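This is the structure in C-alpha cells:
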C-alpha cells in the first residue's frame, strides 16, 4: 500500500461526521474545510426534526462559531458559497438504526460516503445508564452498521470518550 499525505488522501472524498456539534468534531470540520479545498462533500449528522432545523443548528452551533473565523477570513465573501457547496446538514440520530436518516437520502449517502468520522457521544457524566448506553454504545454500533452499507467506505474513524479516575 502506498502512503500518501492526509491532504492527498482526503482529496475528492465525501465524509460523514457524527456528533458534529461537539468540540472535537467542530475542530475536525474546521480543519478539513481549511486545509482541504478539493474535499467533495461533508455531511454533518445533527439531531434535528428535519433538514431545515438541522441546517439552522449547523449554522448556529458549528459554522457560526468563532472557531471558523480564520476560515471566514481566508474565503472572505465566498465563505457562504463554500459552505453551501461542500457542507450538507443531515437530520438524524445515532441512537436509531440507519441513523434516523430520511429514506430519500439513505441511498445517495450510502453511494457517496468514503469516510465516516464518528464523534457522537454523551459526555454528561451524571447521565442515566440507559441513556448513556443508548448513545455511547448502541450509537457506535448504529454508525458502524451504517458504514457497512456504504459502498465506497475507506475509513471508519471512531472517537470514544474515556474517563479514568482514582476513587480513593
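In our numbering, the protein residues as written are 30 to 197. Each residue gets a CB set at the ideal place from its N, CA and C atoms; glycine is no exception. Predicted model only: the values in this text are computed from it and were never measured.
- Contact between residue 80 and residue 120 is confirmed by a C-beta separation of about 6 Å, below the 8 Å threshold.
- A Cβ-Cβ distance of about 6 Å is found for the pair residue 68 and residue 42, placing them in contact under the 8 Å criterion.
- The Cβ-Cβ distance between residue 151 and residue 161 falls below 8 Å.
- Rounded to the nearest whole angstrom, the CA to CA distance from residue 91 to residue 173 is 24 Å.
- Annotation for residue 184: 144 place their beta carbon closer than 7 Å to its own, counting only its chain and skipping 5 residues before and after.
- Nearest neighbour of residue 47 by Cα position, chosen from 97, 39, 124, 134, turns out to be 124.
- Residue 158 counts as exposed, since fewer than 16 other beta carbons sit within 10 angstroms of its beta carbon.
- Residue 108 and residue 163 have their C-alpha atoms spaced approximately 36 Å apart.
- Residue environment analysis places residue 58 among the buried positions, since at least 16 neighbouring C-beta atoms fall within 10 angstroms of its C-beta.
- The bridge partners DSSP lists for residue 182 come to none.
- Beta-bridge partners assigned by DSSP to residue 187: 147.
- In the three-state reduction of the DSSP assignment, residue 47 falls in the strand class.
- Apart from the 5 residues on each side of it in sequence, residue 86 sits with its Cβ closer than 6 Å to the Cβ of 75, 77 in its chain, given in chain order.
- Exclusion of the five residues before and after residue 104 leaves 111 as the residues of its chain whose Cβ lies within less than 6 Å of its Cβ.
- By the neighbour-count criterion, in which a residue is buried when 16 or more other Cβ atoms sit within 10 angstroms of its Cβ, residue 116 is buried.
- Residue pairing by DSSP leaves residue 83 without any beta bridge partner.
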